[in-house]
Every structure is written in C-alpha cells, then in structure tokens.
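Accompanying notes for the structure given below.
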Amino acid sequence: MITSRSCLMKTIFESYESLFFGQLKNRIAMTAMARGFAEKHCCTDLMHDYYFRRAKDGVGLILTEGLIIHPSGDGYNRTPHIWEHYQANSWKPLIKSAHDVNSKIVCQLWHCGRISHSDYTGGIRPVSSTNIAAEGINRQNNKPFSTPKRMSIEDINDVHDMYLHATGLALETGFDALELHLGHGYIADQFFDSRINDRKDEYGGSIENRCRFSIELIDKVIKKYGADRVIVRISPSREMDGSYDWPDLDDMLKYFIPALETLGLKILDVSCARADYFNTSGRVIRMIRKLWKHEIIGGASLSLEQANEEINLGLLDIVTWGRYLLANPDFVTKLRNGEKLNEFNQSLLSTLY
C-alpha cells in the first residue's frame, strides 16, 4: 500500500507549471506500457476507454504505449502503428477526451530493431546495429528472434526518416508531444550497447560513435519540428530479462547528456522498466542531475512519500507509475485518499481494465 508519513513543500497532487508542457493538473504520469490490443494497428474504443478512465480519475500526463513507426520495426502482435494517416487519426477521439479532462497526452514512437520479428513485419527482415540475432525467444510467438540485417548508412537514414514521418503524423493528429523511445533494448539501445553493437564504422566502437545514431535522430527531429514537442526516453539502468546497465555508464552519461543539451532538448524520460527505482533509474537520475538542468520524468512503483521526496530534492519533475495504474484505474483517487491499492498480477496483461 502506498502511504505518506510526512507533509512536504511540494506534492504530486498540486498543479504544476511545466516549462515543457505548460500547465499540468498535477505531476502524476502514466508511463508507456505495451498492451497489444490494437485492431488493424489502430486505437480502438476499448483502448480509448482504458486510457480515458485513468485521465478522468486524475492522471495529469498520459504517455501512450509505443506506436510502431513502420512495419519493419514491429516485434509484437496487435501493436498500434503510426505510419499511415488512418492509424494516426484513430487516436483523435482519445486525444480529445484527454484534453476534455485537462490531461496531456504524448505519443511514444517505437522501433524494435532486432527485437522485431518477421512474423510481425510482413516478412521484412529486421534491422539493427549488428547482424547477430537477439538471444532467447519472442514472448508472443515463442520463436527465436529473427536474424537482423546490419544497417548500412542508407538504412540508418531510412529509419531516421521513418521517425520524422511518424513525428509529423503525431503532431498533426494533436498529441501534445512525442516521445522518442531510445531505451529498453530496442533499436537505439542496440547502438548504445557495445555488447551488441559490433560495428567498425562511425556508428560503432567509441562512446561518441555508439551515441551517433540517437544524436543524429534527435537532431533531425528537433531541426524539423522544434524542441518544444520532443521528449527522449532512455533506460541506462533497467530490469528487463535480467539486470542491465549501459556499458561505460558514467562516461556514456557524461557524453550523451550534455549532447542533448547542445541539441536543445528540454525534457528527459528516464525509465527503469520493471526494476526497483532506487537501484536503477533513481540511481542514474542522481548522476544525470549533475549534467542536466531541464525537466526529468521518471519513477516506478514509488510510494507517495518517495514520489514527493524525489520532487522536493529536485530529482524528478513529473512522476510516472505503470503497473499500479494497470491494476487501479482509480489510482489517483486511491492515492489521494490513502486507500489500499490493488496489486499487479499477470492476468491483468490479458485485459484492458
């Protein structure tokens, strides 16, 4: 149960004047979580109601599940896509509903890289920084991951163009911002990680080279659409199929975070996936804060007291929850009233509750 033992100067329930979003009704955010309920890769009425229940209850910021930017980047069944206008337009009713209850909503853009699977790409071979397949099996079709094509420079530019196209669609549709998903082992992480990235060209080897794919992508998006609508999600330390830290974590952060500042980025989402916050992203955020003066979104299953403390320490500006929000559509009401929260269980993944 999430409880509070102390009263701090700032709380997550107060309205917040964000330098990026403008006025938010509070500092509570629903983190992006893949669900797999799209129909023909579009947002359905069921998906609308799932998100809207949480916005109506009081969530100030909704980060959508990842929207696949092109079929070649799809690794899962029934994912939403955003490479055709009709797919983007399917989100318009939800955007309007969220805005009607004074919530902001962000479109997360997603490309799985070598975690894509030919079963879901229409037979298109996945691409990555490497030509070595990911270990293990795809959790939905129980098949080994497809062997990817090592990306040429042309392939890299093509994927960047896919992100640019999807960004344009997201902003035209009315989302308040877009989030470039550069974490969780997907395509950007496959360049960051020297244990995966075995390239010998300007996109592999040194820290500068391994960051190049993402820095060039962010630069292109900001130059075309401006920094005031762009969020970047990273996960330098996380728990997904085992514990993980970026190789050369300290040096990576010291290079990458100032580079984001130079590009003009104004906000970061630091994710830890399913891990304990303080052992993963909370630890990394304390490193990032020494390098980054702008807003940070982050969290995990924090208690109310912990969330308020992270805000008052100047570490977080907006606090995310994930699995608690899956289990509790009335999460904000329960949190505010000190009521017992439903605990997450795996059965919740098979329904939009």
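Residues in the sequence shown are numbered consecutively from 187, following this note's numbering.
The C-beta atom is built at its ideal place from N, Cα and C for all residues, glycine as well.
All of these numbers come straight from a predicted model, not from anything done at the bench.
Cβ-Cβ distance between residue i and residue j below 8 Å
| i | j | result |
| --- | --- | --- |
| Gly246 | Lys196 | no |
| Phe331 | Ala284 | no |
| Asn395 | Glu402 | no |
| Arg509 | Ser487 | yes |
| Leu451 | Ile471 | no |
| Cys229 | Trp296 | no |
| Ile374 | Val416 | The sequence shown places Ala at residue 374, rather than the Ile named in the question. Contact: no. |
| Cys397 | Ala356 | no |
| Thr217 | Leu249 | yes |
| His367 | Arg419 | yes |
| Pro515 | Arg240 | yes |
| Leu449 | Ile408 | yes |
| Asp260 | Ser302 | yes |
| Gly360 | Ile281 | yes |
| Ala215 | Ile404 | no |
| Tyr372 | Gly299 | yes |
Burial state of residue i (16 or more Cβ within 10 Å)
| i | result |
| --- | --- |
| Arg191 | In this predicted model, Arg191 has a pLDDT of only 37, less than 50, meaning its place in the structure is not dependable enough to derive any value. |
| Glu496 | buried |
| Ser457 | buried |
| Ser258 | buried |
| Ser338 | exposed |
| Asn531 | exposed |
| Gly309 | exposed |
| Asp455 | buried |
| Thr307 | buried |
| Ser467 | buried |
| Tyr272 | exposed |
| Lys211 | buried |
| Thr353 | buried |
| Gln294 | buried |
| Glu251 | buried |
| Ser204 | buried |
| Asp243 | buried |
| Gln209 | exposed |
| Asn494 | buried |
| Pro279 | exposed |
| Tyr539 | exposed |
| Gly524 | exposed |
| Thr537 | exposed |
| Leu232 | exposed |
| Ile265 | A quick correction: the sequence has Thr, not Ile, at residue 265. By the neighbour-count rule (16 or more Cβ atoms within 10 Å), Thr265 is buried. |
| Glu270 | exposed |
| Asp286 | exposed |
| Gly369 | buried |
Residues bridged to residue i [DSSP beta-bridge criterion]
| i | result |
| --- | --- |
| Val456 | Ile420 and Gly484 |
| Val313 | Lys335 |
| Ser283 | Partner(s): none; Ser283 has no beta bridge. |
| Ala215 | Leu247 and Thr506 |
| Glu365 | Gln294 and Ile417 |
| Glu225 | Cys228 |
| Asp431 | Ser423 |
| Ile323 | Pro330 |
| His267 | Ile254 |
For residue i, the first and last residue of its enclosing alpha helix (DSSP H)
| i | result |
| --- | --- |
| Ala352 | Ile339 to Thr359 |
| Glu496 | Leu490 to Asn498 |
| Ile248 | Unbroken run through Ile248 is the beta strand (DSSP E), Leu247 to Ile254; no alpha helix (DSSP H). |
| Lys440 | Leu435 to Leu449 |
| Leu232 | Asp231 to Asp243 |
| Gln273 | His271 to Asn275 |
| Ser258 | Element bounds for Ser258: n/a, residue is neither H nor E. |
| Ser467 | Ser467 to Ile474 |
| Lys520 | Phe517 to Asn523 |
Residue span of the beta strand (DSSP E) that contains residue i, given as start and end
| i | result |
| --- | --- |
| Ile393 | Looking at the DSSP string, Ile393 is not in any beta strand (DSSP E); the run it does join, the alpha helix (DSSP H), is Ile393 to Tyr411. |
| Gln209 | Gly208 to Leu210 |
| Ala374 | Note, Ala374: premise wrong, no beta strand (DSSP E); alpha helix (DSSP H) at Ile373 to Phe378. |
| Lys170 | In the structure displayed, the chain extends from 187 to 539; residue 170 sits before or after that span and is not available. |
| Ser204 | Tyr202 to Ser204 |
Closer than 7 Å: residue i CB and nearest the ligand GDP heavy atom
| i | result |
| --- | --- |
| Thr217 | Of ligands this structure carries none, so the ligand GDP is not represented either. |
Short CB-CB distance (under 8 Å) between residue i and chain C
| i | result |
| --- | --- |
| Glu200 | Here chain C cannot be found, since the structure has a single protein chain. |
For the region 315 to 323 against the region 209 to 227, are there 3 or more C-beta pairs whose distance is under 8 Å?
no
Pair every Cβ in the region 368 to 383 with every Cβ in the region 304 to 321, then say whether three or more of these pairs are closer than 8 Å.
yes
Could you tell me whether the region 435 to 451 touches the region 473 to 480, using the rule of 3 or more Cβ pairs below 8 Å?
yes
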